[in-house]
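Residue numbers (my numbering), protein chains in the order written: chain X, 1 to 222; chain Y, 1 to 137; chain R, 1 to 298. Here is the structure we will look at.
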């Protein structure tokens with residue numbers, strides 16, 4: 001009974017968010033397709049890919065997590081035989097799945113595309129780092145969405161997040177390793193790049209875990 | 001089986017008083033004959049949309065009047081061997097008492113004054129009856 | 001299994017501008033408790049504490065024998081909660097909600113659910129956001145009633161509803177207590193409903209319980225005594241009097257402990273009793289709260 005209510009909640013959330021995940025996936029795949037025929041590594045398809053994932057991120061957190069609390073639908077879900085901890089856990093897992101599945105597919109598609117298309121393989125680390133950052137951005141925004149219903153904080157997080165994505169892309173593009181190896185036919189993983197990607201993934205999960213742990217101990221849930 | 005009891009919000013009498021009146025009416029008219037089983041307390045509460053304790057109080061008063069009997073574990077039943085006339089008379093008694101109370105209020109008597117007056121009147125009547133009895137001996 | 005449906009002992013909860021203090025109450029199976037109090041008195045907070053959504057600073061809370069919030073998931077298997085600020089998923093239909101909720105509860109009665117759809121005049125294919133306020137409340141209540149929970153916690157179930165909807169809901173609620181193992185706690189501004197169907201009434205004001213006792217004896221203790229008081233007469237103090245209003249020769253005494261002896265007290269002091277009136281729960285409610293606030297202020 002314990003685990004099945006959590007599963008029931010997760011399936012419900014996935015069902016409610018399915019169209020967004022699917023459209024982001026489709027949009028992202030189109031973007032990857034565009035990237036494969038474009039001579040420029042970022043413009044056009046690349047921008048579209050980043051957009052698709054950012055929009056998915058924002059929608060999943062705002063609609064899937066925040067809106068439910070603001071609308072007091074969370075009160076309805078909490079009236080079911082579920083503890084506040086289980087509610088948060090189910091929310092996080094469902095939301096993570098709804099984002100990560102398209103993200104994984106699109107990341108894989110991007111890497112494969114770079115490999116087989118005319119885009120130089122030297123850009124593999126670059127794109128891995130960009131996509132890894134989008135995962136990190138998602139984790140942070142989900143954390144913010146779990147912790148507060150204040151739209152001021154959400155707006156701040158989204159604006160800061162979007163700006164940071166742009167910043168990161170520019171900084172990465174201008175970085176010595178990308179400048180040196182980007183145009184090449186082989187992917188060159190400097191320790192810097194590798195560490196960055198690892199930090200993005202692990203950091204994202206760590207942020208989420210920290211939020212879930214502190215959030216579950218809250219004394220007032222609604 | 002809906003009992004058809006209806007409690008009026010506009011009626012300022014306590015709800016259990018209204019219930020007692022309606023049940024007494026059914027007994028007096030023969031709708032509920034002697035031995036008829038009354039609805040369970042919960043069933044009547046649900047039908048009439050009143051609290052359980054309201055029905056409990058009504059049944060208690062009716063039992064005290066001798067109109068119903070409650071058998072432990074079996075329920076409540078209209079009393080056997082009831083003189084329907086006496087049932088009606090209880091209703092009449094209440095009406096008379098109410099009228100007396102109204103007059104008493106107009107005379108600015110307290111409830112205790114009224115009670116004392118009733119005792120005086122009954123005592124006078126008892127004394128007169130005894131005197132009559134003595135005279136006839 | 002004769003444990004109380006609700007057993008709260010010594011609950012305290014402090015917020016910045018509001019303090020819930022020394023809340024203790026008990027609800028037995030088969031009882032209906034009416035929860036009455038002004039806005040902000042702490043009724044919703046108390047009910048949320050019962051549902052494990054708010055953790056008190058102190059005190060012991062047991063719902064159907066289970067400790068809350070620790071075992072709230074278990075307790076909630078047999079508790080139905082509806083509050084007036086609760087919302088369903090607006091973009092989904094009522095049918096979707098019924099299909100989603102039913103498998104969670106082994107006690108879900110599909111036949112009863114269908115009957116309720118008819119009684120409440122609801123169409124399962126309608127999306128929630130298309131429903132009127134009254135229909136939405138009835139829909140939320142349907143999801144709770146259809147699984148026949150042992151305890152119903154209702155926060156303002158009839159507020160804002162038209163009289164017909166109120167009547168439909170009250171009829172279903174009264175049906176619940178045909179089963180003496182089930183209990184209902186409902187908070188309401190509608191003192192008429194509370195007065196009519198509650199076995200026990202609990203009064204709350206500013207985070208404190210003012211009164212918790214059985215309805216009939218409680219209401220029976222209160223009277224308004226109308227007096228004619230000559231100018232030179234001072235009305236004696238009497239225990240239980242919460243308010244005395246005097247305007248020239250006319251005085252109205254509100255008392256929470258009426259006995260016929262009170263009439264004599266006033267008569268002996270030289271006043272005359274014009275009328276002794278019973279009070280509605282609404283009048284008692286206002287008198288109690290005002291009296292309590294005056295006491296606190298002094």
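Quick reminder that beta carbons are idealized off the backbone N, C-alpha and C, glycines included.
Is the CB of residue 174 of chain R under 8 Å away from at least one CB in chain Y?
-> In the third chain, residue 174 of chain R corresponds to position 174, counting from 1. Cβ-Cβ to chain Y under 8 Å: yes for residue 174 of chain R.
Whether residue 34 of chain Y touches residue 82 of chain Y by CB criterion (8 Å) | The count along the second chain starts at 1 and reaches residue 34 of chain Y at position 34. The count along the second chain starts at 1 and reaches residue 82 of chain Y at position 82. Their beta carbons are under 8 Å apart, which means residue 34 of chain Y touches residue 82 of chain Y by this criterion.
Please determine if the segment 39-58 of chain R and the segment 211-226 of chain R are in contact, where contact requires at least 3 C-beta pairs separated by less than 8 Å.
-> no
Does any CB atom of chain Y fall closer than 8 Å to the CB of residue 109 of chain R?
-> Taking the third chain and counting its residues from 1, the one referred to as residue 109 of chain R is at position 109. Taking Cβ atoms only, chain Y never reaches closer than 8 Å to residue 109 of chain R, which makes this a no.
Kindly list the residues whose CB is nearer than 7 Å to the CB of residue 135 of chain X, restricted to its own chain and excluding five residues on each side of it in sequence; keep chain order.
-> The sequence position of residue 135 of chain X within the first chain is 135, counting from 1. 103, 200, 201 and 204, listed in sequence order.
How is residue 13 of chain X classed by DSSP in three states: helix, strand or coil?
-> Mapped onto the first chain, residue 13 of chain X falls at position 13. Three-state DSSP puts residue 13 of chain X in a helix.
If you scan the segment 56-103 of chain R from start to end, which runs of the alpha helix (DSSP H) of 4 or more residues do you find wholly inside it?
-> 72-75 and 94-101
For the alpha helix (DSSP H) that residue 13 of chain R lies in, which residues bound it at each end?
-> Taking the first residue of the third chain as 1, we reach residue 13 of chain R at position 13. Residue 13 of chain R: not part of any alpha helix (DSSP H); member of the beta strand (DSSP E) spanning 6-14, first to last residue.
Leaving out five residues before and five after residue 115 of chain X in sequence, what residues of the same chain have Cβ atoms less than 7 Å from its Cβ?
-> Locating residue 115 of chain X in the first chain gives position 115, where the first residue counts as 1. Here the set comprises 121.
For chain R, find out if any of its Cβ atoms is closer than 8 Å to the Cβ of residue 1 of chain Y; answer yes or no.
-> The residue labelled residue 1 of chain Y in the question sits at position 1 within the second chain. Confidence at residue 1 of chain Y is low in this model, with a pLDDT of 45, below 50, so its placement is unreliable and the value that follows should be read with caution. No - not a single Cβ of chain R is within 8 Å of the one on residue 1 of chain Y.
So, helix, strand or coil for residue 215 of chain X, using DSSP?
-> Position 215 of the first chain holds residue 215 of chain X. Residue state, collapsed to three classes: helix.
For residue 100 of chain X, three-class secondary structure by DSSP | For the purposes of this step, residue 100 of chain X is taken as residue 100 along the first chain, with counting starting at 1. Here residue 100 of chain X sits in helix by DSSP.
Under 8 Å between C-beta atoms, does residue 212 of chain X make it to chain R?
-> Numbered from its first residue, the first chain carries residue 212 of chain X at position 212. Output row for residue 212 of chain X: interface = no.
Report all residues from its chain with a CB closer than 6 Å to the CB of residue 168 of chain X; omit the five preceding and five following residues, and keep chain order.
-> Locating residue 168 of chain X in the first chain gives position 168, counting from the first residue. Excluding residues within five positions, the ones whose Cβ falls inside 6 Å are 133.
Consider the Cβ of residue 39 of chain Y: report whether some Cβ of chain R lies at a distance smaller than 8 Å.
-> As a position in the second chain, residue 39 of chain Y is number 39, starting the count at 1. No, no contact with chain R.
Could you confirm whether any beta carbon from chain R is found closer than 8 Å to the beta carbon of residue 16 of chain Y?
-> Taking the first residue of the second chain as 1, we reach residue 16 of chain Y at position 16. Interface residue, yes.
Other residues of its chain near residue 130 of chain Y: CB distance less than 8 Å, five sequence neighbours each side excluded = Residue mapping note: residue 130 of chain Y aligns to position 130 of the second chain, counting from 1. There are no such residues.
Of the residues R/258, R/180 and R/226, the one placed nearest residue 41 of chain Y, counting alpha carbons only = As a working note, residue 41 of chain Y is residue 41 in the second chain. Sorting R/258, R/180 and R/226 by C-alpha distance to the C-alpha of residue 41 of chain Y places R/180 at the top.
Curious, which full-length beta strand (DSSP E) runs of at least 3 residues does the segment 122-166 of chain X contain?
-> none
Residue 21 of chain R: first and last residue of the uninterrupted beta strand (DSSP E) it sits in = For the purposes of this step, residue 21 of chain R is taken as the residue at position 21 of the third chain. Segment 19-27, the beta strand (DSSP E) holding residue 21 of chain R.
Indicate whether residue 251 of chain R and residue 235 of chain R have their beta-carbon atoms separated by less than 8 Å.
-> The residue given as residue 251 of chain R occupies position 251 in the third chain. The residue given as residue 235 of chain R occupies position 235 in the third chain. It is a contact, given that the beta carbons lie within the stated cut-off.
Hey, out of X/10, X/196 and X/217, whose CA is closest to residue 127 of chain X's CA?
-> Sequence index remark: in the first chain, residue 127 of chain X carries index 127 (1-based). Comparing Cα-Cα distances from residue 127 of chain X to each of X/10, X/196 and X/217, the minimum goes to X/196.
Scan the segment 254-281 of chain R and note each continuous beta strand (DSSP E) run of 3 residues or more that stays entirely inside, going in chain order.
-> 272-278
CB-CB under 8 Å to residue 1 of chain Y, same chain, minus the five flanking residues each way: which ones, in chain order?
-> As a working mapping, residue 1 of chain Y is identified with position 1 in the second chain. Caution is warranted here: a pLDDT of 45 is assigned to residue 1 of chain Y, below 50, making its placement in the model unreliable, and no coordinate value can be reported.
Leaving out five residues on either side along the sequence, give the residues of the same chain with a beta carbon under 6 Å from the beta carbon of residue 27 of chain X.
-> Within the first chain, residue 27 of chain X is the residue found at index 27, counting from 1. These residues qualify, in order along the chain: 52.
According to the neighbour-count rule (16 or more other Cβ atoms, all chains shown, within 10 Å of its Cβ), is residue 1 of chain X buried or exposed?
-> For this step, residue 1 of chain X is matched to residue 1 along the first chain. Below a pLDDT of 50, predicted positions are generally treated as unreliable, and residue 1 of chain X, at 45, falls in that range; no measurement from the model is reported.
Give a yes or no on whether the minimum CB-CB distance between residue 52 of chain R and chain X is below 8 Å.
-> For the purposes of this step, residue 52 of chain R is taken as the residue at position 52 of the third chain. Judged by the 8 Å Cβ criterion, residue 52 of chain R is in contact with chain X.
Is it buried or exposed for residue 106 of chain R, if we count other Cβ within 10 angstroms and need 16 for buried?
-> Reading the third chain from its first residue, position 106 is the one you call residue 106 of chain R. Residue 106 of chain R comes out exposed.
What residues in its chain sit with their C-beta under 7 Å from that of residue 65 of chain R, if we drop five residues either side in the sequence?
-> As a first step, residue 65 of chain R must be located in the third chain, where it is residue number 65. Contacts found: 3.
Classification of residue 125 of chain R by the beta-carbon crowding that lies within 10 angstroms, buried from 16 upward = Within the third chain, the letter at position 125 stands for residue 125 of chain R. The residue is exposed, with fewer than 16 neighbouring Cβ atoms inside 10 Å.
Looking at the C-beta of residue 263 of chain R, does it have a partner C-beta in chain Y at a distance below 8 Å?
-> Counted from its first residue, the third chain places residue 263 of chain R at position 263. For residue 263 of chain R, the answer is yes, since a Cβ of chain Y falls inside 8 Å of its Cβ.
Leaving out the 5 sequence neighbours to the left and right, which residues in its chain are closer than 6 Å to residue 7 of chain R when beta-carbon positions are compared?
-> Position 7 of the third chain, counting from 1, holds the residue named residue 7 of chain R. Once the five neighbours on either side are set aside, the close Cβ partners of residue 7 of chain R are 26 and 62.
Buried or exposed: residue 69 of chain R, going by 16 or more other Cβ atoms within 10 Å of its Cβ?
-> For the purposes of this step, residue 69 of chain R is taken as the residue at position 69 of the third chain. Residue 69 of chain R should be labelled buried.
Nearest neighbour of residue 192 of chain R, chosen from R/81, R/281 and R/288 [CA to CA] = Your numbering for residue 192 of chain R matches position 192 in the third chain. For the residues R/81, R/281 and R/288, the minimum Cα distance to residue 192 of chain R belongs to R/281.
How about residue 183 of chain R: is its C-beta nearer than 8 Å to some C-beta of chain Y?
-> Here the question's residue 183 of chain R lines up with position 183 in the third chain. Cβ-Cβ to chain Y under 8 Å: no for residue 183 of chain R.
Residue 12 of chain X at chain R interface by Cβ criterion, 8 Å = Taking the first chain and counting its residues from 1, one reaches residue 12 of chain X at position 12. True, the Cβ-Cβ gap to chain R drops below 8 Å.
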